[in-house]
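Here the protein sequences come in this chain order: A and B. 232 is the number that my numbering gives to position 224 of the first sequence; each next residue is one higher, with no gaps. 34 is the number that my numbering gives to position 32 of the second sequence; each next residue is one higher, with no gaps.
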Amino acid sequence: MIVTRKTSSFFILGTLSTPLVIAMITMSSSVRSASGFDGLDKTSQTFLKSHCLRCHDESKQKGKFRLDTLGTDFTNPLVAEKWDEVVFRINAGEMPPEKEPQPSALEIGSIAETLTKRIREGTAARMAKRGKVQQYRLSREEYAHTVYDLLGVVFDVEAPGAFNEDPRWHGFERIGSLLSTSPSHIDRYLRAADKVIELASLDSEPQSKKDRKYPEEEGKRYFAQLGEGWDAINLKSPGHYRIKIRVSGLPAFTGRVPRLSLWHHQHKKSVMGMDISNKEDEPKTIVLEGLFSAGGYKILNNAQTKKHPNGGVIRFRTGTIDAGQKLASLTGGFRSDKTKIVDEQGRPVMPTLLIDWVEVEGPLTTEVNRAKKSGIFPMKEDDQEELTASLKQFAERAWRRTVSDQEMQRYIKFIAAEKEAGVDFRSAYKSALSGILVSRSFFNLEEGSPNENRSRLNDFELASRLSYFLWSSMPDEQLFTAARTDKLHVPETLKKELKRMISDPKIDRFLDSFPRQWLQLHRVGMFQPDPNLYPEYGPWLEKSMIMETTNYFAEMFRNNLPIREAVDSDWTMLNSRLALHYGLPEPKETKLMRVSLEPESGRGGLLTHASILSLTSDGTRHRPVHRGAWLSETILAQAPPPPPPNVEPLEPVKSNEPKKTIRSQLEAHATQSNCVSCHAKIDPLGLAFENFDAIGRWRDKEKVEGGTGENPPVDASGTFPTGQKFDGPQEFKRVLAEDEKRLANAFVQQLATYALRRVMTVDDRPHIEKIVENAKGGNYRLRSMIEHLITSELFLNR
Amino acid sequence: MKRVISYAIAVMVIGIILPAMCQTAAHADEKTGGPKRGVFPEEGAGIHVHGDLVISDPVNRRGALREKRSSPRHYFAMLPYGMVWYHGAPADILNLPPGIHMHGRFLLPMEGEEETIPLTEKLIKDHENHRYNHAILLEDDVSFYSRQGRSWKVLGFEQGGGPAPRLKLSVEPVGPEIEGGINKAALFDIDDSTRVWKDRQLVNKDQIKEGMDVQVNLTWGPFNSLATTDVWLDETSLKANREIQKNRHLKLIRSRFLPGWVDEVKNNDSGGGEVTVTFFGGMDSSLYSDIRKIQNVKICNAGNTLRTWNYHQEHASHATILEKNEIKNPPLGSSNLQIKLKVVRMLDGFRPGWIVRVKGPWTYVLLPWDEHINSAEAYERSKKLILP
């Protein structure tokens, strides 16, 4: 039995367990005087008092639930959980009960929104909470970049048994509170460290080779239709390789160009590639150079084939022909039962690749990478001083800070003990180096000091924050030097370093990683579009969609464009596949490139990218509400409240009823009082894009499965929550783009979340507003906002 | 026996079309040449040829007829839409016994098939009609005569004389005069090798009575005579044989699929597409009805011989029927059913004028390996008649 003593907020506890007792006592500290709801706004207080307390106060606790003593410290998880239950009941329409006076839809919407916001603020505060020393584990992508920049070693973090995928929070893969470290992580770090050190040892540097491979023999040519390829490459060790391929790419009769990519069998993904378009009698040699994981690669046309409806995999056509044989001759004959290669006019039915040979050279060791490894091994085994110096030098780079001699002692002792046990010096030394890489100072970003309450980052911490923000990796020597001289935090130095870092090729890591995480591009293709409804959807289209968006962001960044162009512009980044998808003219070059758009194209800005329009779809149809929720969350940084439970899904249109749009079904659906208020805010943001189907194609009529009559016309008009009207996506974008300050504020929040590796809280708002204010003079240009961010208090503080 | 005749007319769809065709002179073909891919021949094309089936290649649907003891063999190939009738029911070369006397409607070779039946200059010089060697129709006597409303009235038996004395069945034609047929009283050899059918039984030849209306199937006899292989005395016996043949035909087509050709193709640049198919005629109507009832089929390509490559996995495509169109007054060779399909895989053989076979709701069976075009060599061999 629990009795609550109102005045002291003290629980007298019966037979409850100790942890629960402690938890409840903790909670009781936040319980305040009855029915005041002090921390809430007046409207919410009035709602709760008039609709809830009648049955949930001191005198009556229906369902054994008492509300009047519930605190408003939302950072307390137990309190937040109870408020979450309150929102759930109100949202579900369970409370207030039917016999009680009912609040209006507006009132329900308001209370649900207020409480949800407060619960989320509490969650954010908990997630952003920092101790004296805060550790942010590296994501696996960052781990790979770090060992490469540290030692010039390619470590395959995605190899089977290597590292698991990192958890995400609203698309972000680097939120410290989510990246916990478990015993299994340590086990994997141990194995990874051994491997990395082994690869870094100059004595085991693999010999570089150059091999050329022909299909069957010289003079033969391999042809591959869509999704098919040639298993021509097998790399025994990871590293830097140069791969040359003699190839022709014949576009399909529709103009669709083949995409050559290298498909990694073990990782089940394409790692590198390019569009190819040249005549079969004019083959060209392309060069793909970069870092490759070990394993088997297929020179693939496009990407993996889609699944056959009966569960098998549709195989298109591959084979070997004479290099001089025209593709158009491949009709009829004994192979008539295979997939068609050329149409009735002799044009390729599908984009087709013709490969004459492939040449693999590597692993290549560049002087830059060799330099990274130099000095990690001492020249003399018995020189204790040099041994200590070598180890210390390595540890300082690996741990990205100064290291004391005392910290090195355990490693020195370890080497000595190993030698005494009969292990040779080199092996013992390598084990010590591995030990440095399994130290938490290596796989974590550490901020703070154990012996002081410090709010400011020191310069080494700042160097790491900066380099992991922009390079997803450790600082380079110049950043270390600035940190050592304690000058990095000076705004001028930071600006200078930013400029230098942006001009480094490693900035591409940011330009790819940030937009993927910010815009939640991992959701593209999560629900594969139904091949019966969208037969043209395929892996290359999907990849092209993502490339459009990441390259669009990169283009904005490189040209330092204002944030308004994120939502409205007269250009985009296209390759031939996307041009075909959008019904736009093919770009002049085969690569993805910037193209100007006419107003009637219906495109321009991230919001009309096929990636964005499809990531909210469910594989069969577009989801306007999800589109609205995504826009609110990512572009406006305002996550809407969760939907009420047990919402009935939309029924397919019955065969004997007239066809109707999803929009009209939604309008009929969202008539319940507890739905109306939220939908009024979210839906217009999604309905503005009704002109785009589930895979982002333009349409004037909505194709409706089932039902009778003509497909209904699309209605993309609506009203902003401010009351401003729009008549379609173009006007919607224009109006939204005018609110630059709001867009900039949201963008800085997302940028800061990525950079600081934590969720933004109420406490961060003034800082963010200041950054936005500072960026106003530069029209909220991307790079200017980044500059204002890294020189802000928010960035310089822990 | 008049009822036998009228029933036969009713069940034979081609009987409505063919009489007009037979009246047209063959020389019309000389101007237009052989049939074109994807186009059914004009009404009346071709010439009448008859003779005993002395060579038979059921797998490639080819063979040879020999008109007289001393005549050269008239080699032929069935056109893809060429129809075979046996015992008054749809059939294939496979169902025909060697030696059976057949009537054919032969056309010049189809476009691209000019080399299928090898001809020598001497043969053409001596027997110009051998240039007509692609059959649109092939039928035994009972099918040929009954389709055109003809039967035989028994006049009695006659004992022949000479070096090989044989018993003769004396008959006279009942019904209209027929191009290529026997239009006067005739004597057919009959002996104990002749099957005489009454009701659903075989009976002795003494059951044949003067004045009866009968149907006969014939074969070669000594001294350029014609010998009876079968005599049908009543409608019941004819119907029983027809039913058996119909069921053999159904079994054959259900396991080898319904043939047709491609009218139109819409390729998709990511695979698959749409294929419009018109089915060939001359099959039992229930086969078309089966297709009309379903939405999902499998489709594979076939050669002009109707041989398929295989039906397994990559050799056939799953398909969904998008449209079913009825063809009014279809030409000879065509059925009245056209379908538009959405195919999962667009095979090389799916091209306008090329042959396909479509699987209806029938049990899937594995066929003897050598019926399929299973190798490049088999494909080459299938392109030409191999002379024995």
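Don't be surprised by glycine CBs; every beta carbon is placed ideally from N, CA and C. This structure is a prediction, so every number in the text was calculated from the model and none was measured.
#### Entry: Beta-carbon neighbours of MET348/B, restricted to chain A and to distances below 8 angstroms
THR347, LYS348 and VAL357
### Task
Return helix, strand or coil for PHE42/B, following the three-state DSSP convention.
coil
### Query
In whole angstroms, what separates the C-alpha of LYS300/B from that of GLU325/B?
15 angstroms
### Message
Please state whether the Cβ-Cβ distance between ALA132/A and ILE98/A is less than 8 angstroms.
### Response
no
### Limits of the alpha helix (DSSP H) - the one that THR558/A falls within
547-566
### Query
Got a sec: is the Cβ-Cβ distance from ASN331/B to anything in chain A below 8 angstroms?
Taking Cβ atoms only, chain A never reaches closer than 8 angstroms to ASN331/B, which makes this a no.
### Three-state class that DSSP yields for GLU266/B in the structure shown
strand
#### Entry: Neighbourhood of LEU2/A by C-beta, 6 angstroms cutoff - its chain only, sequence neighbours within 5 removed
Since the displayed chain A opens at 9 and closes at 806, residue 2/A lies outside it and no answer follows.
### C-alpha distance - GLU108/A paired with HIS59/A, whole-angstrom precision
So the alpha carbons of these two residues sit roughly 8 angstroms apart.
### Query
Does the Cβ of TYR366/B have 16 or more other Cβ atoms within 10 Å, making it buried, or fewer, making it exposed?
Exposed is the label assigned to TYR366/B, since fewer than 16 other Cβ atoms lie within 10 Å of its Cβ.
#### Entry: Segment limits, beta strand (DSSP E) that includes THR280/B
275-282
### Message
Less than 7 angstroms between C-beta atoms, sequence neighbours within five positions excluded: which residues of the same chain meet that for GLU404/A?
### Response
THR410 and VAL411
### Task
Pick helix, strand or coil for GLU536/A, following the three-state DSSP scheme.
The amino acid occupying residue 536/A in the given sequence is Gln; Glu does not appear at that position. Correct three-state label for GLN536/A: coil.
### Query
Apart from the five residues just before and just after THR34/A, which ones in its own chain have a Cβ nearer than 8 angstroms to its Cβ?
Interpretation of THR34/A is limited by its pLDDT of 36, a score under 50 that renders its predicted location unreliable; no figure is taken from the coordinates.
### Query
Grouping DSSP H, G and I as helix and E and B as strand, with all else coil, what is SER377/B?
coil
### Query
Quick one: is PHE352/B near chain A, going by C-beta distance under 8 angstroms?
yes
### CA nearest to the CA of ALA637/A, picked from TRP479/A, PRO648/A and LEU582/A
PRO648/A
### Task
Starting from GLY40/B, find everything on chain A with Cβ-Cβ shorter than 7 angstroms and list it in chain order.
None at all; the shortest Cβ gap to chain A is about 11 angstroms.
### Query
According to DSSP, what are the bridge partners of SER319/B?
DSSP output for SER319/B lists ILE301/B as bridge partner(s).
### Query
When the distance is taken between beta carbons, is ILE388/B closer than 8 angstroms to TYR381/B?
In this structure, TYR381/B keeps its C-beta atom at 8 angstroms or more from the C-beta atom of ILE388/B.
### Task
Taking PRO82/B as part of the alpha helix (DSSP H), name the residues at either end of that continuous run.
Not the alpha helix (DSSP H): PRO82/B falls in the beta strand (DSSP E), residues 76-88.
### Message
For ASN452/A and MET555/A, what's the separation of their Cα atoms in angstroms?
### Response
30 angstroms
### Message
Using a Cβ-Cβ cutoff of 8 angstroms, what residues of the region 232-260 of chain B are near chain A? List them in chain order.
### Response
So the list is empty, because no residue satisfies the distance condition.
### DSSP state of LYS507/A mapped onto helix, strand, coil
helix
#### Entry: Close beta carbons around GLU290/A, own chain, < 8 angstroms, minus the five adjacent residues each side
Apart from sequence neighbours up to five positions away, the residues of its chain that approach GLU290/A with a beta-carbon distance below 8 angstroms are SER256, ordered along the chain.
### Task
Could you list which residues in chain B have their beta carbon closer than 8 angstroms to that of ASP330/A, in chain order?
None at all; the shortest Cβ gap to chain B is about 16 angstroms.
### Query
Just reading off the alpha helix (DSSP H) that MET104/B is part of, what are its end residues?
Unbroken run through MET104/B is the beta strand (DSSP E), 103-109; no alpha helix (DSSP H).
#### Entry: Bridge partner(s) assigned by DSSP for LYS342/B
THR278/B and GLU325/B
### Task
With 8 angstroms as the C-beta to C-beta threshold (strictly closer), list the residues of the region 59-73 of chain B near chain A in chain order.
none
### Query
In or out: ARG145/A buried (at least 16 other Cβ within 10 Å) or exposed?
buried
### Task
Give every residue of the same chain whose Cβ lies closer than 7 angstroms to the Cβ of ARG631/A, excluding the five residues on either side of it in the sequence, and list them in chain order.
THR624 and SER625
### Message
How far does the alpha helix (DSSP H) with TYR809/A in it extend, from its first residue to its last?
### Response
There is simply no residue 809/A to check, as chain A begins at 9 and stops at 806 in what is shown.
### From PHE803/A, ASN540/A and ILE690/A, residue whose alpha carbon lies closest to that of ARG6/A
Lying outside 9 to 806, the shown extent of chain A, residue 6/A is not represented and no answer is given.
### Query
ILE357/B: which of LEU81/B, GLY273/B and LYS70/B sits nearest, CA to CA?
Closest option to ILE357/B, Cα to Cα, is LEU81/B.
### Query
Between which two residues does the alpha helix (DSSP H) carrying ARG256/B extend?
237-258
### Message
Short of 7 angstroms in beta carbon distance, which residues of its chain neighbour GLU454/A, apart from the five on each side in sequence? Order them along the chain.
### Response
VAL141 and GLN143
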